[in-house]
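Residue numbers (the working numbering), protein chains in the order written: chain V, 413 to 626; chain E, 0 to 354. C-beta atoms are modelled at their ideal positions from N, C-alpha and C, and glycine is treated no differently.
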Amino acid sequence: MRLILAEDSVLLRAGLTKLLTDGGFDVLAAVGDGEELLRSVAEHEPEVVVVDVRMPPTHTDEGIRAALEIRGKYPKIAILVLSQYVEERYAHDLLSAATSSVGYLLKDRVARVRDFLDALRRIADGGTALDPEVVAQLMVRRRPDFRARLTPRELEVLRLMAEGRSNNGIVDALGVSHSAVEKYVSNIFAKLDLPPTDTDHRRVLAVLKYLGDR
Amino acid sequence: MTTGRSILHLLLGAVLSTLTAALFTVLVIFWGAATISLFTGPSGGALLITVYVVVMLALPLVLAWFVHEIAVLHRLRFRRLLEIDIAEPALTLRSVGRELMYLVWALLIAVPATVLIVVPPAARRFVRHDRHTADRWLGPTNVEILKQRVDWLRHSRAAVVLATDEERQRIERDLHDGAQQRLLSLAMNLGMAREAITVPSPEADAIVAAHDEALTALSELRQFVRGLHPAVLNDRGLDAAISGLAGRAKIPIHVSVEVEPRCPASIEAVAYFVVSEALTNVAKHSKALIASVIITRRGKSLHIEISDEGRGGATAKPGGGIAGLIQRTASVDGKLSLSSPVGGPTVIKVVLPCG
């Protein structure tokens, strides 16, 4: 998988490059600011881009803006955004510009190497990956009312779906059977009045859309 | 205060008082004449009548100004001869009235003072009386002095609060740029080593254990830094920061934050701290199933309300969490009220000044 990394901290850039290379990604370039990133993407045409939200010169939201620009120009490129803290607006902007091949993780997640690589591969495959903290905040802020309608187990499954996990991923995470997960999912969709969908991916999209609406 | 100076002080005071009294009398007679003429049927043309009217209206103001200026001379006398500084009060009707009281006193003692200079020790004692009277009537009132002191204290405390906040932010930044980054890098390296393990072994176990420890340390450091000063607060404001708190809470929190325009950084920091501490208490003690945080800006104040329908009974024990909140709120001149009857609900209301 051809990948470009944008991270302004020298220490993390080196560490991430090694992590990604060891994980089977072909790191074509590792840059330190938004402009360099856009140039690099134009030059190399990668399949995946990993970008830090904060970069020079203003250290505010260069990363997010570059990500949205890349998505606009090259819709096929999978994008993973890394952030120091949860900022709902970024999640919202990212999700409204793209509903597949996109991810938003907190920086600390890269330390959980296996989870991080799994999420990255999922994104590269067309899926989504939202940080559990991002999902928790979305659930609290945008739809606090449904908590009353779902059982704790169903909430757990909903959260895992919003993070972007497939049914198999949810089975692994909860340690229950496939049929149990199927039952939870159909209950959730029924209780939230969501139209039933067939693929994992469409389910995730339905959930994300539900959480995204106020 | 030497005897010579004391005698000179009293003599000068006597002279000044006598001259003042004379001039005052002349002005009052002038004013009296004009007023009486005006009311008993003025004789003379329109010009003269106008002069009388002007004199009647303007002279009291002139007299007041006159009293004030003579008071200045008296203070000068105290400063030059006795090196005693009496602050000039703000110019109001009340302060002029008080100055007038001193001038009357000075006039009354003019004769005894002059007589006493032949008994130097008595002169010194007399000067002390004069000084006390001058302090009382020529200087600002106790209330004014206290008000000035309160103002000064308020400013200096605000400076201290600001300095503390800036210090915390500096620590947060240093930790972020330094220890947090290195810890993340360390955890990443251990994570990669962990992924490379194919065969279980004691060494492999050691790496797994080390990686888990590093992840825990990373999480704890992040929590500590957030408690110190969350970066999101500076960058994105109270809405984002409180949402973060709510997202991490164990129970659902309803959040409503409407603060436009933003309050000063010190105030936002206190607001964040108050909500954070209150939510921690809710999680620890209240057994509530849901809580709510409502923050609104109304004019120049920030209103914060944190409520839960838990079991109530919270009190502000000395040294406890709520006592800490009261202190932190008071440090920026805010007010905190707590309502927590046993059985609930618990409501904490905080009002902070907002620029």
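In this structure, what does DSSP give as the bridge partners for residue i?
i: G12(E); result: According to DSSP, which records beta bridges pairwise, G12(E) is partnered with nothing at all.
i: L529(V); result: Its beta-bridge partners do not exist; DSSP assigns none.
i: A290(E); result: I252(E), D307(E)
i: V642(V); result: The structure shown does not extend to residue 642(V), since chain V is modelled only from 413 to 626, so the question has no answer here.
i: E257(E); result: T295(E)
i: L301(E); result: R296(E), L351(E)
i: V461(V); result: I416(V), I491(V)
i: K334(E); result: V350(E)
i: V514(V); result: I491(V), T540(V)
i: D438(V); result: R414(V)
i: T345(E); result: D307(E)
Run the CB neighbour count on residue i, radius 10 Å, all protein chains shown included, and call it buried at 16 or more, exposed below.
i: T540(V); result: buried
i: D150(E); result: exposed
i: S339(E); result: buried
i: V103(E); result: exposed
i: V50(E); result: exposed
i: R451(V); result: exposed
i: F528(V); result: buried
i: Q549(V); result: buried
i: T328(E); result: buried
i: N280(E); result: buried
i: P229(E); result: buried
i: M467(V); result: buried
i: L80(E); result: buried
i: W136(E); result: buried
i: V269(E); result: buried
i: V498(V); result: buried
i: M100(E); result: exposed
i: D605(V); result: exposed
i: R74(E); result: buried
i: S508(V); result: exposed
i: E166(E); result: exposed
i: P119(E); result: exposed
i: T19(E); result: buried
i: E419(V); result: buried
i: H471(V); result: exposed
i: V616(V); result: buried
i: L542(V); result: buried
Which residue from the options puts its Cα closest to that of residue i?
i: V619(V); options: I582(V), V593(V), R571(V), N579(V); result: R571(V)
i: L415(V); options: T429(V), S421(V), L424(V), R565(V); result: T429(V)
i: V160(E); options: R148(E), I347(E), S330(E); result: S330(E)
i: T627(V); options: L567(V), G538(V), L518(V), L507(V); result: Only positions 413 to 626 of chain V appear in this structure, which leaves residue 627(V) out of reach.
i: E212(E); options: T197(E), V198(E), G190(E); result: G190(E)
i: A178(E); options: R533(V), L423(V), A418(V); result: L423(V)
i: D164(E); options: A89(E), E308(E), I266(E); result: I266(E)
i: P251(E); options: V525(V), M551(V), I535(V); result: M551(V)
i: A195(E); options: R526(V), A602(V), R521(V); result: R526(V)
i: A454(V); options: D464(V), H590(V), Y486(V); result: Y486(V)
i: V231(E); options: V71(E), Q168(E), V110(E); result: Q168(E)
i: A585(V); options: G515(V), I491(V), R565(V); result: R565(V)
i: L152(E); options: D332(E), V95(E), S16(E), V350(E); result: D332(E)
i: R225(E); options: A208(E), L174(E), A209(E), V207(E); result: L174(E)
i: I108(E); options: A13(E), G43(E), V53(E), G40(E); result: A13(E)
i: T17(E); options: A105(E), A89(E), V198(E), S200(E); result: A105(E)
i: I305(E); options: H284(E), V349(E), L90(E), K316(E); result: V349(E)
i: R97(E); options: E202(E), D84(E), N141(E); result: N141(E)
i: R277(E); options: L324(E), H131(E), V110(E), T2(E); result: It is Ala, not Arg, that sits at residue 277(E) in the sequence shown. When each option's Cα is compared against that of A277(E), the closest is L324(E).
i: K299(E); options: P352(E), K316(E), S5(E), P139(E); result: P352(E)
i: R369(E); options: L37(E), V54(E), A70(E), F77(E); result: Missing from the structure shown is residue 369(E); chain E here goes from 0 to 354 and no further.
i: V443(V); options: G435(V), V463(V), T433(V), R533(V); result: V463(V)
i: L15(E); options: V53(E), L72(E), F38(E); result: L72(E)
i: R247(E); options: A264(E), V274(E), N233(E), P263(E); result: V274(E)
i: D438(V); options: V493(V), V460(V), E545(V); result: V460(V)
i: G138(E); options: R93(E), H284(E), I347(E), V292(E); result: R93(E)
Give a yes or no on whether the minimum CB-CB distance between residue i and chain C is below 8 angstroms.
i: R524(V); result: The structure shown contains no chain C; the protein chains it does contain are V and E.
Touching by the beta-carbon criterion (3+ pairs, under 8 angstroms), the stretch 257-276 of chain E and the stretch 223-237 of chain E: Contact between the stretch 257-276 of chain E and the stretch 223-237 of chain E is present, because at least three Cβ pairs lie under 8 angstroms.
Validate contact between the stretch 436-451 of chain V and the stretch 469-479 of chain V using beta carbons, cut 8 angstroms, 3 pairs: yes
Sufficient close CB pairs (3 or more, under 8 angstroms) joining the stretch 21-37 of chain E to the stretch 56-63 of chain E: Counting C-beta pairs with one atom in each stretch, the stretch 21-37 of chain E and the stretch 56-63 of chain E have three or more that are closer than 8 angstroms, which means they touch.
Validate contact between the stretch 326-342 of chain E and the stretch 308-315 of chain E using beta carbons, cut 8 angstroms, 3 pairs: yes
Near-chain E residues of the stretch 425-457 of chain V - C-beta to any C-beta below 8 angstroms: G427, L428, K430, L431, D434, G435
contact_flag[the stretch 114-126 of chain E, the stretch 183-191 of chain E] where n(CB pairs < 8 angstroms) is 3 or more: no
Residues from the stretch 206-234 of chain E in contact with chain V, defined by Cβ distance under 9 angstroms: So the close ones are H210, A213, L214, L217, S218, R221, R225, P229, A230, V231, D234.
The stretch 2-12 of chain E touching the stretch 102-116 of chain E, judged by at least three CB pairs closer than 8 angstroms: yes
Under 9 angstroms (Cβ pairs) to chain V, residues found in the stretch 83-101 of chain E: none
Where the stretch 470-484 of chain V meets chain E: residues whose CB sits under 8 angstroms from a CB there: T472
Sufficient close CB pairs (3 or more, under 8 angstroms) joining the stretch 15-26 of chain E to the stretch 63-74 of chain E: yes
Near-chain V residues of the stretch 261-292 of chain E (beta-carbon distance less than 7 angstroms), N- to C-terminal order: none
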